[in-house]
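Enquirer: Residue numbers (my numbering): 4 to 150.
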Amino acid sequence: MELNAMEASAMAVPAPEQISLVSAGLVCGLCGVRAVVHWQRRLTSAEFAAHLALEEQRRDERLRLADPEQPVPGFGPLPRTAECTTPVYACAVHAIGLDAAALIHQSTCTAPNPVHLPGCDCTPEPAPPVDPESTRVVLPDHWTGGS
Ligand SMILES: [Zn+2]
Ligand SMILES: [Zn+2]
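In structure tokens, the structure reads:
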């Protein structure tokens, strides 16, 4: 949806610097051309601190607006570094490999970086183990075909 909005505004306002202002998150991190792929990266400590501050601010706001006649609204635990990622966008030219893009990259990863493309300079986290239940599918004999 944002991409469509971006396309529309790109047509109306052809100046490149204005396009990147419209949707800064959805352009290639390297060249600023419209992004076609993205992958996940861990937050740096500064990014995580900002994320946490925003969440705390949101909670404070909810407490402030809460009806004093009602029980205090409950919140889950605050986000932890281990569960936070941020999307990294790239255009077709600066995309990292498909296998690498399927993984979560370190907060220090500089991809897309022309020095390392189509790879990157971190060791991405290993992919989560495949749920054994999802591979234990037995098809009916007449579905397996052949022989
Ligand atoms: Zn690019
Ligand atoms: Zn990486």
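C-beta atoms are modelled at their ideal positions from N, C-alpha and C, and glycine is treated no differently. All values reported here derive from a predicted model rather than from experimental measurement.
#1: At a cut-off of 7 Å, would you count HIS108 as near ligand 2, judging by its Cβ distance to the nearest heavy atom?
#2: Measuring CA to CA, which of CYS34, GLY32 and VAL40 is closest to ALA105?
#3: Nearest-angstrom Cα distance between ARG2 and PRO90?
#4: According to DSSP, which residues form a beta bridge with VAL40?
#5: Using the beta-carbon count (16 or more within 10 Å), is VAL30 buried or exposed?
#6: Return helix, strand or coil for LEU24, following the three-state DSSP convention.
#7: Below 8 Å on the Cβ atoms is my contact criterion, and I expect ALA85 with ILE99 to pass it. Report the Cβ-Cβ distance as a whole number of Å.
#8: Output needed for GLN109: all residues of its chain with C-beta closer than 8 Å, excluding positions within five of it in sequence on either side, in chain order.
#9: Which residue wins for smallest C-alpha separation from ASP102, given the options CYS123, THR138 and VAL118?
#10: Using CA coordinates, which residue listed in GLU64, PRO117 and ARG83 is at the minimum distance from PRO76?
#11: Cβ-heavy atom distance between LEU120 and ligand 1 below 7 Å?
#12: Is any heavy atom of ligand 2 found at a distance shorter than 7 Å from the C-beta of PRO127?
#13: Who are the near neighbours of PRO117 in its chain, counting only those whose CB is closer than 8 Å to its CB and skipping five residues on each side?
#14: Taking LEU55 and LEU81 to be in contact with their CB atoms under 8 Å, please state how far apart those CB atoms are, rounded to whole angstroms.
#15: Restricting to Cα atoms, I'd like to know which of PHE51, ALA49, VAL133 and ARG61 is closest to GLY79.
Expert: Considering the structure as presented:
#1: To locate residue 108, count along the sequence shown from 1; it is residue 105. Answer for HIS108: yes, Cβ within range of ligand 2.
#2: Counting from one through the sequence shown, the residue named residue 105 turns up at place 102. ALA105 has its Cα closest to that of VAL40, out of CYS34, GLY32 and VAL40.
#3: Given that the chain is displayed from residue 4 to residue 150, the structure contains no residue 2 and the question cannot be resolved.
#4: By one-based count along the sequence shown, residue 40 stands at place 37. Note: VAL40 sits in a beta bridge opposite ALA93.
#5: On the sequence shown, residue 30 is found 27 positions in, with the first residue counted as 1. Counting C-beta atoms within 10 angstroms of its own C-beta, VAL30 has 16 or more neighbours from the protein chains shown and is therefore classed as buried.
#6: The sequence position of residue 24 within the sequence shown is 21, counting from 1. With a pLDDT of 40 at LEU24, under the threshold of 50, the modelled position of this residue cannot be trusted, and the question is left open.
#7: The residue given as residue 85 occupies position 82 in the sequence shown. The residue given as residue 99 occupies position 96 in the sequence shown. Between ILE99 and ALA85 the Cβ distance is about 22 Å, and since that is not below 8 Å, they are no contact.
#8: One-based indexing of the sequence shown puts residue 109 at position 106. The beta carbon of GLN109 sits closer than 8 Å to those of ARG44, ARG45, CYS125, THR126, PRO127 and GLU128, all from its chain and outside the five residues before and after it, given in chain order.
#9: To locate residue 102, count along the sequence shown from 1; it is residue 99. CYS123 is the residue among CYS123, THR138 and VAL118 whose C-alpha sits nearest the C-alpha of ASP102.
#10: Here residue 76 corresponds to residue number 73 of the sequence shown, with the count starting at 1. Closest option to PRO76, judged by alpha-carbon separation, among GLU64, PRO117 and ARG83: GLU64.
#11: The residue given as residue 120 occupies position 117 in the sequence shown. Answer for LEU120: no, Cβ out of range of ligand 1.
#12: Reading the sequence shown from its first residue, position 124 is the one you call residue 127. Within the cutoff, so yes.
#13: Here residue 117 corresponds to residue number 114 of the sequence shown, with the count starting at 1. Excluding positions up to five away in sequence, the list reads LEU33 and HIS97.
#14: As a working note, residue 55 is residue 52 in the sequence shown. As a working note, residue 81 is residue 78 in the sequence shown. LEU55 to LEU81, Cβ: 6 Å. Contact.
#15: On the sequence shown, residue 79 is found 76 positions in, with the first residue counted as 1. The option with the nearest alpha carbon to GLY79 is ARG61.
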